[in-house]
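Protein chains in written order, with numbering that gives the first Met the number 0: chain A, 0 to 155; chain B, 0 to 172.
Backbone N, C-alpha and C fix where the C-beta goes; we use that ideal spot for every residue, glycine too.
In what follows, a structure is listed as structure tokens, so that the remarks can point back to it.
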Amino acid sequence: MRKTPIMAKAAALLAFFAMTPIGANAGTSDIDVENAWSRASIGTARPGVAYMDIRNAGDDPVSLVGLRTDVSGMPEIHRTSTDGSGVSSMAPAGDVMIGPGEVVALEPGGLHAMLMRLQAPLREGDSFALQLLFSDGSEVTVMVPILGIAARGPNG
Amino acid sequence: MDGLRPIPLHSMSFRLTDHEGYDVDPETLIGHPSMVFFGFTFCPDVCPTTLSDISGWLDALGPEAQALNVVFITIDPERDTVEAMAEYVGYFHPAIRGWTGSVEQISRAAEEFRVRWEKIPTEGGDYTMNHTASVFLFNSAGRFVSAIDYHEPPEFAVPKIRRALQDKKEGTK
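Next comes the structure, spelled out in structure tokens:
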């Protein structure tokens with residue numbers, strides 16, 4: 000079958016994404032993202048979550064200032080903290096500064112991408128695109144694989 | 000841990016409902032060692048992590064863990080109905096039971112376990128819960144033995160559970 004122009008364009012786009020490593024930089028800053036993962040949700044009533052390691056490979060500090068994804072109507076970086084008496088609390092983290100050469104870990108019990116107002120259930124085995132928005136105006140798109148609801152880390 | 004520890008189970012008087020609709024109270028736990036923790040199913044971060052950690056500890060203990068009561072008590076009874084608890088605990092280790100009740104019933108249980116909890120409004124009319132995230136261990140006589148802090152590594156957690164399993168004495172600590 001002959002490809003119509005639009006199909007050719009779609010095929011080229013697909014080829015582009017296929018060659019682009021996960022965490023590829025769509026902007027100008029030197030950000031690498033590794034070990035991204037999420038947990039499956041039960042329906043859409045409860046918020047979802049995403050975790051990953053974000054490395055600033057550049058020479059200047061940069062701040063993670065926001066998130067964007069189709070799966071959530073209100074994605075935010077939140078921080079869980081546990082005080083000396085064992086009480087856990089969670090609140091928006093605000094801007095997260097990443098110094099040159101530093102890695103910020105979004106991990107259980109600490110910083111995490113909180114995916115409120117899920118637009119559809121997060122299904123185990125699927126993945127979704129999450130855009131990280133940085134203070135220098137750059138954006139990094141991360142493909143986040145959805146693991147089981149009981150997953151403890153990027154390897155399950 | 001601020002010197003706060005749960006009172007003995009036999010001094011408690013809470014009454015709750017488990018995720019299969021059965022009435023439960025402190026007597027449900029006495030006679031077997033118990034592991035009890037508080038959380039809420041709308042928590043995306045700490046609570047699934049705690050439930051997964053516990054599932055891992057139970058797997059590590061293997062047949063030894065069969066004698067253990069494992070109970071997750073919600074501190075968010077408005078959203079965590081019996082049905083919500085049943086749906087949620089089903090995704091984790093089959094030994095884990097989910098208990099809920101009215102706000103008054105949950106308040107009493109939390110007070111007896113010396114658990115602190117607070118409802119925190121968030122943007123858009125939602126709310127989250129601050130709560131004690133420790134896991135409490137009781138011996139078969141119902142005495143508090145020790146607590147496992149949030150996300151404590153298994154090499155510390157599993158021996159603590161083993162100690163509660165083996166502790167037959169009436170009064171420890």
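- Its chain contains I21, G22, M51, D52, I53, R54, L131, V139 and V141 as the residues whose beta carbon lies nearer than 8 angstroms to that of V32(A), once the 5 sequence neighbours on both sides are disregarded; these appear in chain order.
- In the three-state DSSP reduction, F155(B) falls in the helix class (H, G or I).
- Residues of the stretch 38-65 of chain B with a Cβ closer than 8 angstroms to any Cβ of chain A, in chain order: T40, F41, C42, P43, D44, V45, P47, T48, L50, S51, D52, S54 and G55.
- Separation of Y87(B) and P76(B) (C-alpha to C-alpha, rounded to the nearest whole angstrom) is 14 angstroms.
- Looking at the DSSP output, E123(A) sits in no beta bridge, so it has no partner there.
- Against chain A, the CB of E111(B) has no partner CB under 8 angstroms away; the residue lies outside that interface.
- Contact between G38(B) and T49(B) holds, with the beta-carbon distance rounding to 6 angstroms and staying under 8 angstroms.
- Assigned with DSSP and collapsed to three states, T121(B) falls in coil, not helix or strand.
- Y126(B) carries a strand assignment under DSSP once its states are collapsed to helix, strand and coil.
- Membership of P74(A) in the beta strand (DSSP E) is indicated by the continuous run S71 to T81.
- In the DSSP assignment, P25(B) falls within the unbroken alpha helix (DSSP H) covering P25 to L28.
- Taken in chain order, the whole alpha helix (DSSP H) runs of length 4 or more contained in the stretch 69-95 of chain B are 81-88.
- Taken through DSSP and simplified to helix, strand or coil, H111(A) comes out as strand.
- Counting along the chain, no beta strand (DSSP E) covers P47(B); the unbroken alpha helix (DSSP H) around it starts and ends at V45 to L60.
- Taking a Cβ-Cβ cut-off of 7 angstroms, the neighbours of M89(A) in chain B comprise D44 and T127, given in sequence order.
- DSSP, reduced to helix, strand and coil, places E101(A) outside both helices and strands of the structure shown, so it counts as coil.
- Sequence-distant partners of D166(B) (beyond 5 residues in either direction) whose C-beta falls short of 6 angstroms from its own C-beta, in its chain, are N138 and V144.
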